Structure formats: structure tokens, C-alpha cells
Amino acid sequence: MLPIEPNEALSPSERRQSDRKKLIVDVKFEGGDATGIANTRDIGVGGLYMTTNARFENGMAIAMHLTVGGREIALDGVITYVDSGQGIGVRFQGLSDENSEILKRELELE
1 MLPIEPNEAL
11 SPSERRQSDR
21 KKLIVDVKFE
31 GGDATGIANT
41 RDIGVGGLYM
51 TTNARFENGM
61 AIAMHLTVGG
71 REIALDGVIT
81 YVDSGQGIGV
91 RFQGLSDENS
101 EILKRELELE
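For the sequence shown, counting from 1, position 39 maps to 39 in the numbering used here; every step adds exactly one.
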């Protein structure tokens, strides 16, 4: 994973470094001036895409809580893609080994 400052945008080639699978779960999020609940469209061990019409910008930090495999996990990330009014792509930051294993099991990546 590339080190990134919270307000540093990524080029398309840097955005996704792991495979994602379609998985729809609720995400409670907080970032910038936005707080709310959204749905994932796809998720992997490196990040996720969630549908939301909340206003975000590339490089913003975001904190998320979601339930995967019957367990609620807390994830921090940085926004790497904004589809205004539709959703955002998020790269996880500081993903713990435990949360990584939970995601791998749920997404059948092991």
C-alpha cells in the first residue's frame, strides 16, 4: 500500500491495488462535514466503493463502521475517487491484520 497524506489525490493507476468483489453492506461513515449511512457496491482488502450523495473530495480522510461476516469492524480510509452525487471510492488506511482476515474470509479471497 502506498503511503498517502489525507488530502493527496491519487492517479487512476494508483487507485486500486487489490481485487474487489460485489458485496452490499451498510456503512456508517464520518468524514469532512458529512456523517451518514451508505451502502457498499463492492469491497476488497484494499478498499471499497460506496454509494452516497454526501459531498466529498479526493484525498479526504473518512472513518467507517460496517458489519462483515457477522462482526462490526471499524475502518479508516482516504477517498480516491468521487462520482459526484453517486458515490466514492475509498482506500483503506492502517487496516489491521484482524480486519484484513475478516474481509478475506467474507470475500472468499483465502
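C-beta: ideal position from N, C-alpha, C; glycine also. Predicted model, so just to flag it, every value in this text is computed and none were measured.
Three-way DSSP call (helix, strand, coil) for residue i in this model
i       : result
Leu-107 : coil
Asn-53  : coil
Gly-77  : strand
Asn-99  : helix
Leu-23  : coil
Pro-3   : Only weak support is given to the placement of Pro-3: the predicted model assigns it a pLDDT of 40, under 50, and the value that follows is read from those uncertain coordinates. DSSP places Pro-3 in coil when its eight states are reduced to three.
Asn-39  : strand
Gly-47  : strand
Gly-59  : coil
Gln-93  : strand
Asp-83  : strand
Gly-32  : coil
Short Cβ contact (8 Å threshold) for residue i with residue j
i      : j      : result
Ile-79 : Gly-59 : yes
Val-90 : Leu-48 : yes
Contacts around residue i, its chain only, beta-carbon distance under 8 Å, and the 5 residues preceding and following it disregarded
i       : result
Ala-38  : Asp-26, Val-27, Phe-29, Met-50, Thr-51, Thr-52, Ala-54 and Gly-87
Glu-108 : Lys-21
Thr-67  : Val-25, Asp-26 and Ile-73
Ser-100 : Val-45
Sequence-distant residues of the same chain with beta carbon closer than 6 Å to residue i, five excluded per side
i      : result
Asp-22 : The question names Asp, yet the displayed sequence has Lys at residue 22. Same-chain partners within the cutoff: Asp-42.
Ala-63 : Glu-30 and Asp-76
Beta carbon proximity, residue i to chain D, threshold 8 Å
i      : result
Ile-62 : No chain D is part of this structure, which consists of one protein chain only.
Own chain, CB closer than 7 Å to residue i, minus 5 neighbours either side, in chain order
i       : result
Ala-34  : Ala-54, Arg-55 and Phe-56
Ile-102 : Val-68, Gly-69, Arg-71 and Ile-73
Gly-94  : Asp-76
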